[in-house]
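Visitor:
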Amino acid sequence: MVKPRLTGLIKIILLLCIYGVVRLLESRGLLLPYHVQVLSLCCINVILVVSLNLINGFTGQFSIGHAGFLAIGAYLSAFLTVKMHVPFLAAILCGGLLAGLAGLAVGLPALRLRGDYLAIATLGFGEIIRVIILNMEAVGGAKGFSGIPKYTTFGIAYLTAIITVVVIRNFVHSDYGRACLAVREDEIAAESLGVNSTYFKVLAFALGAFFAGTAGALFSHYLQYMAPTPSQIGFVKSIDILIMLVLGGLGSLTGSVIAAVVLTIIPELLRGFAEYRMIIYPILLIVVMLYLPAGLMAGRELSLDSLARLCKGVKSSAHYS
Amino acid sequence: MPTTAELMVSNLSVQFGGLKAVNEVSFSLQPQTLAGLIGPNGAGKTTIFNALTGLCPVSGGEISFGDQRLTNQPPHTIARCGVARTFQNIRLFKNLTVLDNLRIAYHKNRQYSLLCSLFRSPRYWREEEQITARAKEALELVGLATKAEHLAGSLPYGEQRRVEIARALMLSPKLLLLDEPAAGMNPQETLTLLELIRRLRNELKITILLIEHDMKLVMNLCERLFVLDYGHLIATGDPKAIQSNRRVVEAYLGGTGA
Chain F
11 MVKPRLTGLI
21 KIILLLCIYG
31 VVRLLESRGL
41 LLPYHVQVLS
51 LCCINVILVV
61 SLNLINGFTG
71 QFSIGHAGFL
81 AIGAYLSAFL
91 TVKMHVPFLA
101 AILCGGLLAG
111 LAGLAVGLPA
121 LRLRGDYLAI
131 ATLGFGEIIR
141 VIILNMEAVG
151 GAKGFSGIPK
161 YTTFGIAYLT
171 AIITVVVIRN
181 FVHSDYGRAC
191 LAVREDEIAA
201 ESLGVNSTYF
211 KVLAFALGAF
221 FAGTAGALFS
231 HYLQYMAPTP
241 SQIGFVKSID
251 ILIMLVLGGL
261 GSLTGSVIAA
271 VVLTIIPELL
281 RGFAEYRMII
291 YPILLIVVML
301 YLPAGLMAGR
311 ELSLDSLARL
321 CKGVKSSAHY
331 S
Chain R
3 MPTTAELMVS
13 NLSVQFGGLK
23 AVNEVSFSLQ
33 PQTLAGLIGP
43 NGAGKTTIFN
53 ALTGLCPVSG
63 GEISFGDQRL
73 TNQPPHTIAR
83 CGVARTFQNI
93 RLFKNLTVLD
103 NLRIAYHKNR
113 QYSLLCSLFR
123 SPRYWREEEQ
133 ITARAKEALE
143 LVGLATKAEH
153 LAGSLPYGEQ
163 RRVEIARALM
173 LSPKLLLLDE
183 PAAGMNPQET
193 LTLLELIRRL
203 RNELKITILL
213 IEHDMKLVMN
223 LCERLFVLDY
233 GHLIATGDPK
243 AIQSNRRVVE
253 AYLGGTGA
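Right under this line is the structure:
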């Protein structure tokens, strides 16, 4: 097993380089704090999209309540750090675990449903979580939860995103992940091969929810203020994550990462266009969906080999320009 | 002797609303038999398969396999008891490679834990290698070793059927149920299939029960036949006896009573 080790090493070096470059540019003043903020948000969105991919893309369970898990992680961790003075890392873990438990609790009854019905049930779940938070005075209720310390640095967000992607990739490429794929492809055939489909649906759901919860913890300590609005922890946020997922391509992890980064940066770039921003952004989405209906990566993965080829292409084109 | 029977089906009934698709059917299979389940269209053959594998609810009667009771168990439990099947309308995972189709079916024999897979422990690597080797062996057995990396859905029909058999074999079954394995195959492919099924029984020592409309294949291959008509078991016996059975001929050709 020399080759996986070598490519693994190259990947680690590449990831360290990205981090180093960001830090270097930041120290030279080429990247403003605002830019680093956006990069942190990219990492948080990567976690959200990749974890949703596990549920929607790999296991084929159409969930649109992902923001509910995000909300649980966000509020619990904020509550722990602000009111209980728990260390940030422990708070992230607790946020993830409670979200994972919620995933179990919702998954067991909801995953008896299929397709549209499951989508509606998960949408309902997300709204229930939001309304519960709206009525919880301990976390600010309708006023929102303010005064959350700014603990989320680019480094922490980046590291968590990497851990998420690696763990989910390892899951997908194991017998557990194959069982999930089998459930997605043909539930009856999967069952007849000894795959307990309910178990794997719930497992994927809980694992996805766990990571959404950790993303939530990073999110609340990034924004420093949580408001129980649809766009922050409600269905609008869920749909945002879903758009990134579909655009990247269901069942492609690299697609999810790319789409999460690109779709986080584009709205920021479009800030200059003010009110036209929300017209340009959807038009971009429509164009991509028209020409790449299966998403950017269409179920494929960007491997180190194809990346090397791509780099060569970029280098030569840069040379000519 | 019923005590040594591997598969015991007694008074099995399956009812869909007012329709009794399978009516009080009883039969048993000795280990390592190669048996056929035949009958006109709509006789309830596939329904019996579905009842045996837990895909449709049994409304009456008992199914046991060895010392395990299979009646109304969920399909994945039945698969874990050593009963594997193929489907009449091939149910491969079409968007996955042939190799992955087979590796999925190793599921019940997988030893490593979730944590092993999440952190890719040495045990994970070791076992994954074993799984791949097993899958390649199974592909070799059905003569499709070169197609491992193809998408299952892209293979021709006859090959898809053989992949499905190989996938079922990954479960290391004791009983293999084949639902119309020769459907849509040309005579040459049917011949290869016949050889394959014989080899499976002889080399892997498994019990095979198959549904088939190709009478030449059935009569050539099976040692024991069960004939169904309108949900009733109308005859049991070796191929010779079945061919000369009056009720069977009536069921197929239409007689005075039918």
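Going line by line, the protein sequences match chains F and R. Note that our numbering numbers the first sequence so that position 209 is 219, with each residue one more than the last. Note that our numbering numbers the second sequence so that position 219 is 221, with each residue one more than the last. Where is the CB? At the ideal position from N, CA and C, for every residue including glycine. Please read all numbers here as calculations on a predicted model, not as lab measurements.
(1) Run through the DSSP bridge pairs and tell me what R:Lys-330 is partnered with.
(2) List, in order along the chain, the chain F residues whose C-beta lies closer than 9 Å to that of R:Arg-163?
(3) Between the region 83-103 of chain R and chain F, which residues of the former have CB atoms less than 8 Å from a CB of the latter, in chain order?
(4) Could you round the C-beta distance between F:Ser-202 and R:Arg-163 to whole angstroms and report it? I think they count as a contact, below 8 Å.
(5) Between R:Leu-39 and R:Ile-213, is the Cβ-Cβ spacing less than 8 Å?
(6) Does DSSP put F:Met-11 in a helix, a strand or coil?
(7) Assign F:Gly-151 to buried or exposed, taking buried as 16 or more other Cβ atoms, counted over all protein chains shown, within 10 Å of its Cβ.
(8) Is there a C-beta anywhere in chain R that falls below 8 Å from the one on F:Val-205?
(9) Using 10 angstroms around the beta-carbon of F:Glu-195, count the other beta-carbons present and answer buried if the total reaches 16, otherwise exposed.
(10) Whether or not the region 225-238 of chain F and the region 93-109 of chain F are in contact is what I'm after, with contact meaning three or more pairs of Cβ atoms, one per stretch, closer than 8 Å; do they touch?
(11) Is R:Ala-135 near the ligand HEM, going by C-beta to nearest heavy atom under 7 Å?
(12) Should F:Lys-247 go down as buried or exposed, given a rule of 16 or more other Cβ atoms within 10 Å for buried?
(13) Return helix, strand or coil for R:His-234, following the three-state DSSP convention.
(14) Among the residues of its own chain, which have a CB less than 8 Å from the CB of R:Arg-71, if the five just before and after it don't count?
(15) To the nearest angstrom, how far is the alpha carbon of R:Val-100 from that of R:Thr-55?
(16) Report the neighbours of R:Leu-120 on chain B: residues whose CB is nearer than 7 Å to its CB, in chain order.
(17) Entirely within the region 87-133 of chain R and at least 4 residues each: give me those alpha helix (DSSP H) ranges in chain order.
(18) Classify F:Phe-72 as helix, strand or coil using the three-state DSSP reduction.
(19) Would F:Gly-262 pass as a contact of F:Gly-305 if the rule is Cβ separation under 8 Å?
(20) Considering Cα atoms alone, identify which of R:Ile-50, R:Gly-68, R:Phe-67, R:Asp-69 is closest to R:Glu-60.
(21) At 9 Å on the CB atoms, spell out the chain R contacts of F:Ile-198, in chain order.
(22) By Cβ distance below 6 Å, which residues in the same chain neighbour F:Ile-65 in space, the five residues on each side in sequence not counted?
(23) Using C-beta distances below 7 Å, list every residue in its chain close to F:Gln-242, excluding the 5 sequence neighbours before and after it, in chain order.
(24) For the structure I just gave you, are there three or more beta carbon pairs, one from the region 40-56 of chain F and one from the region 114-122 of chain F, closer than 8 Å?
(25) Please tell me whether F:Glu-195 has its Cβ less than 8 Å away from any Cβ of chain R.
(26) Helix, strand or coil for F:Thr-163 per DSSP?
(27) Cβ of F:Phe-164 within 8 Å of Cβ of F:Val-56?
(28) Assign F:Arg-310 to one of three DSSP states: helix, strand, or coil.
(29) In or out: F:Ala-189 buried (at least 16 other Cβ within 10 Å) or exposed?
(30) So if DSSP puts R:Gln-70 in a beta bridge, which residue, or which two residues, is it bridged to?
(31) Consult DSSP for F:Ser-7 and reduce its assignment to one of helix, strand or coil.
(32) Once the 5 residues before and after R:Tyr-126 are set aside, which same chain residues still bring their CB inside 6 Å of it?
(33) Return the CA-CA distance between F:Arg-310 and F:Gly-265, expressed in angstroms with no decimal places.
(34) Could you please give the first and the last residue of the uninterrupted beta strand (DSSP E) stretch that includes R:Leu-180?
(35) List the DSSP bridge partners of F:Leu-103.
(36) Buried or exposed: which applies to F:Val-141, given that a residue is buried once 16 or more other Cβ atoms fall within 10 Å of its Cβ?
Guide: Let me spell this out:
(1) Given that chain R is displayed from residue 3 to residue 260, the structure contains no residue 330 of chain R and the question cannot be resolved.
(2) In chain order: nothing, as chain F lies at least about 14 Å away.
(3) Ala-86, Arg-87, Phe-89, Arg-93, Leu-94, Phe-95, Lys-96, Asn-97, Leu-98, Asp-102
(4) Wrong, their Cβ atoms sit about 15 Å apart, outside the cutoff.
(5) yes
(6) With a pLDDT of 44 at F:Met-11, under the threshold of 50, the predicted position of this residue should be treated as unreliable, and no value is reported.
(7) exposed
(8) yes
(9) buried
(10) yes
(11) Of the ligands one can find in the structure shown there are none, so the ligand HEM has no counterpart to examine.
(12) buried
(13) strand
(14) Glu-64, Ile-65
(15) 23 Å
(16) The chain inventory of the structure shown lacks chain B, comprising the protein chains F and R.
(17) 100-106, 116-121
(18) coil
(19) Inspection of the sequence shows that residue 262 of chain F is occupied by Ser rather than by Gly. Taking 8 Å as the Cβ cut-off, F:Ser-262 and F:Gly-305 qualify as a contacting pair.
(20) Sequence inspection shows Val at residue 60 of chain R; the Glu mentioned does not correspond to that position. With distances taken between Cα atoms, R:Val-60 lies closest to R:Ile-50.
(21) Leu-57, Pro-77, Phe-89, Arg-93
(22) Gln-71, Ser-73, Ala-214, Phe-215, Gly-218
(23) Met-236
(24) no
(25) yes
(26) coil
(27) no
(28) coil
(29) buried
(30) R:Phe-67
(31) This structure cannot settle anything about residue 7 of chain F, because the visible part of chain F is limited to 11 through 331.
(32) Tyr-114, Cys-118, Ser-119
(33) 8 Å
(34) 177-181
(35) The partner list for F:Leu-103 (beta bridge, DSSP) is empty, contrary to what the question assumes.
(36) exposed
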